[in-house]
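The structure appears below as structure tokens.
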Amino acid sequence: MENAYQIGNGNPVAIPENASHSEMLEVREKARRNNYIAQSDWTQLADNGLTSAKRDEWKTYRQKLRDLDTSDPDSITWPTKPS
């Protein structure tokens with residue numbers, strides 16, 4: 080049986096029942112990261128209304144999210160979302 084944790088978008092994230100506390104936190108932070116990426120998908124559409132420079136800022140932000148090390152949830156430094 081798995082436990083479920085809901086992240087910002089309300090979708091449940093499955094956490095294996097035998098997961099340690101640190102594994103549960105890592106799963107949670109990966110889900111949070113994936114949610115941030117999903118929330119910014121619109122920025123990469125061709126007709127999003129953003130300038131090329133602003134679109135590139137979002138592209139960089141999204142890459143930083145993908146590169147984020149979630150193995151130590153207590154020391155994650157989240158990238159700043161473009162305005």
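To convert a position in the sequence shown, counted from 1, into this note's numbering, add 79.
For every residue, glycine included, the Cβ atom is placed at its ideal position computed from N, Cα and C.
Note that the coordinates shown come from a computational prediction; the quantities given were computed from them, not determined experimentally.
Exercise for review: Would you tell me roughly how many angstroms separate the C-alpha atoms of E136 and D148, rounded to the nearest one?
Suggested key: 20 Å
Check your understanding: Using 8 Å as the threshold, is the stretch 96-107 in touch with the stretch 139-156, meaning 3 or more CB pairs across them?
Key -> yes
Point to revise | From D120, I94, N97, residue whose alpha carbon lies closest to that of L144 | key: D120
Review point. Between which two residues does the alpha helix (DSSP H) harbouring I116 extend?
Key: 100-118
Exercise for review: Output the boundary residues of the alpha helix (DSSP H) element that contains Q142.
Suggested key: 131-146
Exercise for review: Could you tell me which of L129, R111, G128 sits nearest to P158, measuring between CA atoms?
Suggested key: R111
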